[in-house]
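Participant: Before I ask anything, let me first share the structure, which is written out below as structure tokens.
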Ligand SMILES: [Zn+2]
């Protein structure tokens, strides 16, 4: 979800090219993967927008049912199963096996993690970041956490400071 992010003057998107996706994943990717990842990202942002009651302009065109369908499609793109392996010293260990190309496996596992996020204990802690210009979501993992990152916190404090100083002029 955080592959769309705001810098000082504009919103940046890390997933506009196949190369951008490959960099993000650290895996080979193609045009079909790019389309699938962009669709999944939109679905996850739509779901986060619904869950957090996001009032930011960037989050207004959300569609809950389309988003749920998209996540479910992505989650079943690659099947995963555990495999029991005997190591040289006789110890039994678990390996995770899955089918599909590496990028497809990554897509499916992000979708599966999203199902956990949106249905698990942390779903009530999901927040939209209302720092000026920010488009991100974050998990409020500390009672006093208000922003997605220290950078956003600093930006808000700087803006308040600026307004206070202007008011005092
Ligand atoms: Zn932020």
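Residue numbers (the numbering used here): 40 to 208. Backbone N, C-alpha and C fix where the C-beta goes; we use that ideal spot for every residue, glycine too.
(1) Nearest-angstrom Cα distance between residue 158 and residue 86?
(2) Straight-line CA distance for residue 131 to residue 123?
(3) Helix, strand or coil, according to DSSP, for residue 166 in the structure here?
(4) Tell me the DSSP secondary structure of residue 47 in three-state form.
(5) Closer than 7 Å: is that where the CB of residue 175 sits relative to any heavy atom of ligand 1?
(6) Out of 107, 88 and 179, point me to the one whose CA is closest to residue 160's CA.
(7) DSSP on residue 122, reduced to helix/strand/coil?
Facilitator: Walking through what the data contain:
(1) Going by the C-alpha atoms only, they are around 11 Å apart.
(2) Cα-Cα distance, rounded: 7 Å.
(3) DSSP, read as helix, strand or coil, puts residue 166 in strand.
(4) If DSSP states are grouped into helix, strand and coil, residue 47 belongs with coil.
(5) Flag set: Cβ of residue 175 near ligand 1.
(6) Answer by Cα proximity: 179.
(7) Shown here, residue 122 sits in a strand according to DSSP, grouped into three states.
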